[in-house]
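Under the working numbering, the first residue of the sequence shown is numbered 159, with each subsequent residue one higher. Cβ atoms here follow ideal geometry from the backbone N, Cα and C, with glycine treated the same way.
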Amino acid sequence: MKKNFVYQSPKYNYEIEFEINDWAERSFLSLLTKFKDTRILTILNFGSEIPDLEFLPLTVDYEEKFYAVGKIYGSRFIRREGKPSINAILNARLIDRAIRPLFPPIFRKQLHLVNIVLSYDFSLDPGVLALLGSSLALHLAGIPLISPIGAIKVIYKDGEFFFNQNLDDFQMELLFSATSNKVNMIELEGKEIKEEIVLEGLKLGFEEIKNFVSFVKSIEPLFKDQIKIEEDLFNQGEAALNKFLEENKFDLEKKLFSFEEGDRPWQEVFELVNQEEKFGELKPYVINALNRRFKKIFQEKILKDGIRPDGRKLDEIRSLKMEIGILPRVHGSALFMRGLTHILSTVTLAAPGEELWLRDIEYEGFKRFIHHYNFPPFSTGELGSSKGPSRREIGHGELAEKALRNLIPPQEEFPYTIRVVSEVLSSNGSTSMGSVCGSSLALMDAGVPLKKHIAGISIGMVYQDDDNYKLLTDIQGPEDFFGAMDFKVAGTDLGITAIQLDVKIEGLTLKQIEETFEKAKQARIFLLEKMSSLIEKPKSLSIYAPQIEVLKIDPLKIGLVIGTGGRTINEIIAATNVKIDIHPDGLLYIIGDKNSNFELAKNWIKSIAEAFNVGDLVKGKVTKILPFGAILELAPNRTALLHISEITNKKIENIEEEIKIGDELLVMIKNISEDGKIYVSLKDVRGK
159 MKKNFVYQSP KYNYEIEFEI NDWAERSFLS LLTKFKDTRI LTILNFGSEI PDLEFLPLTV
219 DYEEKFYAVG KIYGSRFIRR EGKPSINAIL NARLIDRAIR PLFPPIFRKQ LHLVNIVLSY
279 DFSLDPGVLA LLGSSLALHL AGIPLISPIG AIKVIYKDGE FFFNQNLDDF QMELLFSATS
339 NKVNMIELEG KEIKEEIVLE GLKLGFEEIK NFVSFVKSIE PLFKDQIKIE EDLFNQGEAA
399 LNKFLEENKF DLEKKLFSFE EGDRPWQEVF ELVNQEEKFG ELKPYVINAL NRRFKKIFQE
459 KILKDGIRPD GRKLDEIRSL KMEIGILPRV HGSALFMRGL THILSTVTLA APGEELWLRD
519 IEYEGFKRFI HHYNFPPFST GELGSSKGPS RREIGHGELA EKALRNLIPP QEEFPYTIRV
579 VSEVLSSNGS TSMGSVCGSS LALMDAGVPL KKHIAGISIG MVYQDDDNYK LLTDIQGPED
639 FFGAMDFKVA GTDLGITAIQ LDVKIEGLTL KQIEETFEKA KQARIFLLEK MSSLIEKPKS
699 LSIYAPQIEV LKIDPLKIGL VIGTGGRTIN EIIAATNVKI DIHPDGLLYI IGDKNSNFEL
759 AKNWIKSIAE AFNVGDLVKG KVTKILPFGA ILELAPNRTA LLHISEITNK KIENIEEEIK
819 IGDELLVMIK NISEDGKIYV SLKDVRGK
């Protein structure tokens, strides 16, 4: 089977072609997305039903192939793709977050969605195209989704909006997905961008998404009757739950609204249902019914009384506690506690040469600001060991990094490589935004010259319909589990630096997003004031942090500083107890500690890199007598040859009758060879 569908943008003059083909013929569906010279293959497969799962058994993979950009990457000994890059993991999560809320709550069929980048021309983020292809593939498969979705990338730069383009040096990069009615996923990086600009970008992009969704809906699904949901079993599960609750006399509202943060008596009910053998094959459907029952109680109680499970008001932030400088040998540290969410953030400063090297199909280069996020099992009171970062940990780490990085001073002002690690020691909601706050405090403690603090907050929602909903500031535990959204917003007092939106409903209207921005801003200002009261300006650097001095030399002199086989630079390093990083533009970073001799290293390098030109008069010290002349030291590790014919105009029988080792002579530079060797003349100065 081969079919083609072409989406023609009515507004932005581009087209995307989708081709159903037989490339992956043994799979359920194979779809090729074409945009200019970019090609992405989307493959969809189904497995068996797993009704006892409490979540949708969806797996999304995103694979980058190096051949897509005509490169051979990998290590020296393994020239092939390895584990997914950070970018690939983020794109897989992006697609998952956008499509997961579209499935019916009772859908439990295993589903695997794979997107493979086969060719890439750098014109548009392939993650956007993969998401569009995934949306169409699910529609063609006949899955009874809430709606197809579209996605768009919006750039704000120099006062203008750009759509579905890759541009650098932006003030805002916004990627979001939506149905024809509501936004259901947002990913944003901003440079203290105003909420009004974000809303305008959403509004403009929304119009294009509506066009794409209409295009998808116009296509008849290929497998309309193959995906069925056994609704009768879910009805039987509901009836069995009613009988179980009646027999056990549970007060579910009391279980859920314990008014003590961290208490989860409602989980005891789930455990009892799990242990009940009489449910038999209906057990997963009973659990699903119990989950929906708790969600309904949660919604009705908050909508009616305006009281949350832990007793807080709707816009109330949990109790705060903050400390800095708690780890004596660490360059910077902070403990940020918001209720039962406790984050330990640390900062390590290192030489410029310690940057992280990144290489994927979209980017190759170095990153000097790094944020890592760790979420161990003990943070939720569970058993288990950490086995490397999960996709979630990588995603949360990147979100916090995105929130912070545009406030990090440029390398010219602060030459250090900076690594921040946020350790989640205790988790009860919004750990990624807690990591933003903790990291900001730790950076100030480390002496990183941030101009201001950055804070983050998560806003939740209790939703019945578009006219009956409540926003919850600083969500925790059951509010995250039973709520309708997790809307993370980070920024400063002037604007937003990062957004991440995930929903469990169809999505949000622009009006609801605007209201969320207002709540998030109020909470952010409150947090920033509290953080500034603890530390308002960066401290001085820790005595344990490396010291760095910067030197600028002529790039053409770099070879002289390095010397043959690295001999010169290694001699400087050994003599002065420093490290030296040299950049191709002539910037030198001299790194050391209190035992390093920075002055000697700087003067040594300056003397080597000093500009010598033909015709210059310079002083040189005779260091060696040769049969054909003498070697003069003009500066440390800068020597010149004084040929016997350039000493005097008269014939010389014995050079040492004219000059001796240790003599300081004023000479003129006669010539400089291409490899930097200097030849001088004494007779041109003396005139004899």
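Can you list, in chain order, the residues of its chain whose CB lies under 8 Å from that of E814, leaving out five sequence neighbours each side?
-> Taking the first residue of the sequence shown as 1, we reach residue 814 at position 656. Correct list, in chain order: I783.
Three-state secondary structure assigned by DSSP to A678 = As a working mapping, residue 678 is identified with position 520 in the sequence shown. In this structure, A678 counts as helix in the three-state DSSP scheme.
Give me whichever residues DSSP pairs with K883 in a beta bridge.
-> Given that the chain is displayed from residue 159 to residue 846, the structure contains no residue 883 and the question cannot be resolved.
N- and C-terminal bounds of the alpha helix (DSSP H) containing D821 = In the sequence shown, counting from the first residue as 1, residue 821 sits at position 663. Element bounds for D821: n/a, residue is neither H nor E.
Where do the ends of the beta strand (DSSP E) carrying L399 lie?
-> Locating residue 399 in the sequence shown gives position 241, counting from the first residue. No beta strand (DSSP E) holds L399; the alpha helix (DSSP H) holding it covers E389 to N406.
C-alpha distance - G511 paired with D739, whole-angstrom precision = For the purposes of this step, residue 511 is taken as residue 353 along the sequence shown, with counting starting at 1. For the purposes of this step, residue 739 is taken as residue 581 along the sequence shown, with counting starting at 1. Using only the alpha carbons, I get a separation of about 6 Å.
Per DSSP, which residues does M602 bridge with? Please list them.
-> As a position in the sequence shown, residue 602 is number 444, starting the count at 1. DSSP, once it has assigned bridges, lists no residue as partnering M602.
Member of I819, D180, P636 and I749 whose CA lies at the smallest distance from the CA of Q457 | Along the sequence shown, read from residue 1 onward, the residue named residue 457 stands at position 299. Q457 has its Cα closest to that of P636, out of I819, D180, P636 and I749.
In angstroms with no decimal places, state the Cα-to-Cα distance between R496 and H530.
-> What you label residue 496 is simply residue 338 of the sequence shown in a count that begins at 1. What you label residue 530 is simply residue 372 of the sequence shown in a count that begins at 1. When rounded, the distance between both Cα atoms is 20 Å.
DSSP bridge partner residues for G778 (one or two, in chain order) | Numbered from 1 along the sequence shown, position 620 holds the residue referred to as residue 778. In the DSSP output, where bridge partners are listed per residue, G778 has L823.
Is the beta carbon of S243 sitting closer than 8 Å to the one on E212?
-> Stepping through the sequence shown from its first residue, residue 243 is reached at position 85. Stepping through the sequence shown from its first residue, residue 212 is reached at position 54. Going by C-beta atoms, S243 is not nearer than 8 Å to E212.
Those runs of the beta strand (DSSP E) which lie wholly inside the region 567-596 and span at least 3 residues | 575-584
Check H554 in the structure and name its three-state DSSP category.
-> Mapped onto the sequence shown, residue 554 falls at position 396. Helix at H554.
Outcome for G649 when other beta-carbon atoms lying within 10 angstroms are tallied against a minimum of 16 = Reading the sequence shown from its first residue, position 491 is the one you call residue 649. Classification of G649: buried, given that the 10 Å Cβ count is 16 or more.
Buried or exposed: where does F786 fall if 16 or more other Cβ atoms within 10 Å of its Cβ makes it buried?
-> By 1-based counting over the sequence shown, the position of residue 786 is 628. Result: exposed.
Could you pull the start and end residues of the beta strand (DSSP E) that F320 belongs to?
-> Numbered from its first residue, the sequence shown carries residue 320 at position 162. Where F320 is concerned, the enclosing beta strand (DSSP E) stretches over E318 to F321.
Which same chain residues, not among the five before or five after F645, have their C-beta less than 6 Å away from its C-beta?
-> To locate residue 645, count along the sequence shown from 1; it is residue 487. So the list reads I617, L659 and T674, once near-sequence residues are dropped.
Buried or exposed by the 16-neighbour rule on C-beta atoms within 10 Å, applied to F235 = Locating residue 235 in the sequence shown gives position 77, where the first residue counts as 1. With fewer than 16 other Cβ atoms within 10 Å, it is exposed.
Is G363 helix, strand or coil by DSSP?
-> Here residue 363 refers to the residue found at position 205 when the sequence shown is read from its first residue. In this structure, G363 counts as helix in the three-state DSSP scheme.
Following the continuous alpha helix (DSSP H) through S293, name the residue where it begins and the one where it ends.
-> Indexing the sequence shown from 1 puts residue 293 at position 135. P284 to L298 is the extent of the alpha helix (DSSP H) around S293.
Inter-residue Cα distance where the pair is V772 and E707 = Here residue 772 is taken as the residue at index 614 of the sequence shown, counted from 1. Here residue 707 is taken as the residue at index 549 of the sequence shown, counted from 1. So the two alpha carbons sit approximately 31 Å from each other.
Pair within 8 Å by beta-carbon distance, G605 and S700 | Reading the sequence shown from its first residue, position 447 is the one you call residue 605. Reading the sequence shown from its first residue, position 542 is the one you call residue 700. Yes; because the gap between Cβ atoms is below 8 Å, this pair is in contact.
Compute the beta-carbon to beta-carbon distance between I615 and T631, rounded to the nearest angstrom, for a pair I have assumed lies under 8 Å.
-> Here residue 615 is taken as the residue at index 457 of the sequence shown, counted from 1. Here residue 631 is taken as the residue at index 473 of the sequence shown, counted from 1. Right, their Cβ atoms sit about 7 Å apart.
Please list the segments of the alpha helix (DSSP H) lying wholly inside the region 633-690, counting only runs of 4 or more residues, in order along the chain.
-> 635-640
Sequence-distant residues of the same chain with beta carbon closer than 8 Å to F408, five excluded per side | Position 250 of the sequence shown, counting from 1, holds the residue named residue 408. Here the set comprises V427.
Can you tell me which of D651, T655 and E672 puts its alpha carbon nearest to the alpha carbon of S690?
-> Position 532 of the sequence shown, counting from 1, holds the residue named residue 690. S690 has its Cα closest to that of D651, out of D651, T655 and E672.
For Q329, three-class secondary structure by DSSP = Along the sequence shown, one-based indexing puts residue 329 at 171. In the structure shown, Q329 sits in coil (DSSP, three-state: anything other than H, G, I, E or B).
What residue range is occupied by the uninterrupted alpha helix (DSSP H) comprising N245?
-> As a working note, residue 245 is residue 87 in the sequence shown. Start and end: I244 to I257.
Hey, out of Q329, S765, L296 and L333, whose CA is closest to K311's CA?
-> Residue 311 sits at position 153 when you count from the first residue of the sequence shown. For the residues Q329, S765, L296 and L333, the minimum Cα distance to K311 belongs to L333.
The region 517-530 / the region 278-287 touching (three or more Cβ pairs under 8 Å) | yes
Bounding residues of the alpha helix (DSSP H) (the contiguous stretch that carries K454) | Locating residue 454 in the sequence shown gives position 296, counting from the first residue. Its alpha helix (DSSP H) spans residues K441 to D463.
Buried or exposed (CB count within 10 angstroms, at least 16 for buried), L666 = Along the sequence shown, read from residue 1 onward, the residue named residue 666 stands at position 508. The residue is buried, with at least 16 neighbouring Cβ atoms inside 10 Å.
Do A793 and Y837 have their C-beta atoms closer together than 8 Å?
-> Numbered from its first residue, the sequence shown carries residue 793 at position 635. Numbered from its first residue, the sequence shown carries residue 837 at position 679. In this structure, Y837 does not lie closer than 8 Å to A793 by Cβ.
Buried/exposed call for A295, threshold 16 Cβ in 10 Å = Numbered from 1 along the sequence shown, position 137 holds the residue referred to as residue 295. The residue is buried, with at least 16 neighbouring Cβ atoms inside 10 Å.
Is DSSP giving R844 helix, strand or coil here?
-> If you number the sequence shown from 1, residue 844 lands on position 686. Three-state DSSP puts R844 in a helix.
Can we say the region 365-378 touches the region 302-310, given the rule of at least three CB pairs closer than 8 Å?
-> yes
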